[in-house]
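Here the structure is laid out as structure tokens; the discussion comes afterwards.
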């Protein structure tokens with residue numbers, strides 16, 4: 001985005017290229033399953049909804065949040081997502097949250113408040129747009145997790161995500177301006193873009209899904225809580241972003257909230 005590429009264009013390119021790579025991998029490893037999936041109209045309709053709301057909107061919201069704030073803050077705000085899933089689950093299953101879950105919700109809301117305002121009730125330490133897109137990315141991330149549950153149980157994660165990315169990328173083409181955008185060809189841009197596609201998308205998705213298949217979704221989500229910490233660390237180390245002690249307090253509160261929810265599920269799993 002520092003090279004004049006908008007979040008919309010970057011999201012569209014990321015979906016098409018990374019999705020194409022994942023589809024090729026799925027075709028190479030499970031050709032018959034992939035062809036059967038593409039012929040299932042009911043599944044494709046559900047996939048279209050997931051592709052547009054869960055994939056495109058989530059990636060666009062997250063990249064826009066980074067553009068409006070920084071990578072560390074945007075990642076931490078997105079990790080309010082498990083609280084949203086918790087609230088959804090309580091409403092769906094018609095059960096009251098436990099004391100630990102209530103504490104998690106309070107911690108997550110309090111942490112978000114500290115990051116957004118530095119504890120000052122009358123002002124925001126980030127732009128309203130940054131706060132909006134950060135929390136919106138959390139909402140769409142929750143939808144990204146909830147929407148494809150039935151599809152993934154039937155067809156598998158790699159296939160659903162790969163095809164979903166490609167569908168979202170093609171549907172978004174007329175609206176993102178990618179066809180009218182001059183793509184930079186400088187070495188630093190190409191290296192950064194390759195990192196986003198190969199490491200940040202293809203490797204991240206396949207590694208997470210492989211880990212989930214080995215140790216289960218609960219332990220995987222708990223380990224994934226390390227991501228906001230690494231995002232803040234690299235934003236500080238590489239991008240020279242400035243953080244204040246109260247920012248770290250807010251981030252810690254959100255991470256504790258996520259960990260409490262994950263640990264509760266881990267204990268139930270046992």
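Numbering (the UniProt record's numbering), first residue to last: 1 to 270.
From the three backbone atoms N, C-alpha and C, an ideal C-beta is built for every residue, glycine too.
On a predicted model such as this, the values are computed, not experimentally measured, just so you know.
Query raised in the report: How long is the line joining the alpha carbons of residue 47 and residue 144, rounded to whole angstroms?
Result: 11 angstroms
Query - Other residues of its chain near residue 26: CB distance less than 7 angstroms, five sequence neighbours each side excluded - result: 34, 158, 159, 162
Requested in this report: Figure out for me which residue from 182, 71, 39 has the closest Cα to the Cα of residue 238.
Outcome: 71
Query raised in the report: Taking Cβ positions, are residue 295 and residue 79 nearer each other than 7 angstroms?
Result: No answer is possible for residue 295: it lies beyond the span of the chain, which begins at 1 and ends at 270.
Report task. Would you mind working out which of 56, 31, 40, 19 sits nearest residue 175, comparing C-alpha positions? Result -> The residue with the shortest Cα to Cα distance from residue 175 is 56.
Report task. Measure the alpha-carbon distance for residue 156 versus residue 247 and round it to whole angstroms. Result -> 38 angstroms
Requested in this report: Drop a sphere of 10 angstroms on the beta-carbon of residue 230, count the other beta-carbons inside from all chains shown, and report buried for 16 or more, exposed for fewer.
Outcome: exposed
Query raised in the report: Should residue 149 go down as buried or exposed, given a rule of 16 or more other Cβ atoms within 10 Å for buried?
Result: exposed
Requested in this report: Compare the beta carbon distance of residue 54 and residue 147 with 7 angstroms and say whether it is the shorter of the two.
Outcome: In contact: residue 54 and residue 147 (Cβ atoms closer than 7 angstroms).
Requested in this report: Let me know if residue 9 comes out buried or exposed under the rule of 16 or more other beta-carbons within 10 Å of its beta-carbon.
Outcome: buried
Query raised in the report: Which residues bound the alpha helix (DSSP H) around residue 70?
Result: Counting along the chain, residue 70 falls outside any alpha helix (DSSP H), and DSSP gives it neither H nor E.
Requested in this report: Taking only the alpha-carbon atoms, compute the straight-line gap between residue 272 and residue 134 and give it to the nearest angstrom.
Outcome: Within the shown structure, residues of the chain are numbered from 1 to 270, placing residue 272 beyond reach of any answer.
Query raised in the report: Just the Cα atoms here: how many angstroms apart are residue 89 and residue 139?
Result: Roughly 14 angstroms between the two C-alpha positions.
Query raised in the report: Rounded to the nearest angstrom, how far is the Cβ of residue 141 from that of residue 12, given a contact under 8 angstroms?
Result: Going by Cβ atoms, the distance from residue 141 to residue 12 rounds to 19 angstroms, so no, they are not a contact pair.
Requested in this report: Compare the C-alpha of residue 201 against each of 183, 32, 182, 63 and name the closest.
Outcome: 63
Query raised in the report: Quick one: Cα of residue 164 to Cα of residue 67, how far?
Result: Computed Cα separation, rounded: 25 angstroms.
**Report entry** alpha helix (DSSP H) runs contained entirely in the UniProt domain "EamA" (3 to 116), provided each spans 4 or more residues
**Finding:** 7 to 29, 31 to 39, 41 to 49, 57 to 68, 71 to 78, 81 to 93
Requested in this report: Identify whether residue 241 lies in helix, strand or coil by the three-state DSSP scheme.
Outcome: coil
Report task. Would you mind reading off the limits of the alpha helix (DSSP H) that contains residue 190? Result -> 187 to 194
Requested in this report: Just the C-alpha distance for residue 199 and residue 191, rounded to the nearest angstrom, thanks.
Outcome: 11 angstroms
Query raised in the report: Just how far apart, CA to CA, sit residue 181 and residue 250?
Result: 38 angstroms
Query raised in the report: Within this structure, are the beta carbons of residue 52 and residue 168 separated by less than 7 angstroms?
Result: yes
Query raised in the report: Closest to residue 87 by CA distance: which of 101, 6, 77 is it?
Result: 101
Report task. Have a look at residue 109 and residue 83 and give me their C-alpha separation to the nearest angstrom. Result -> 9 angstroms
Query raised in the report: Is it buried or exposed for residue 106, if we count other Cβ within 10 angstroms and need 16 for buried?
Result: exposed
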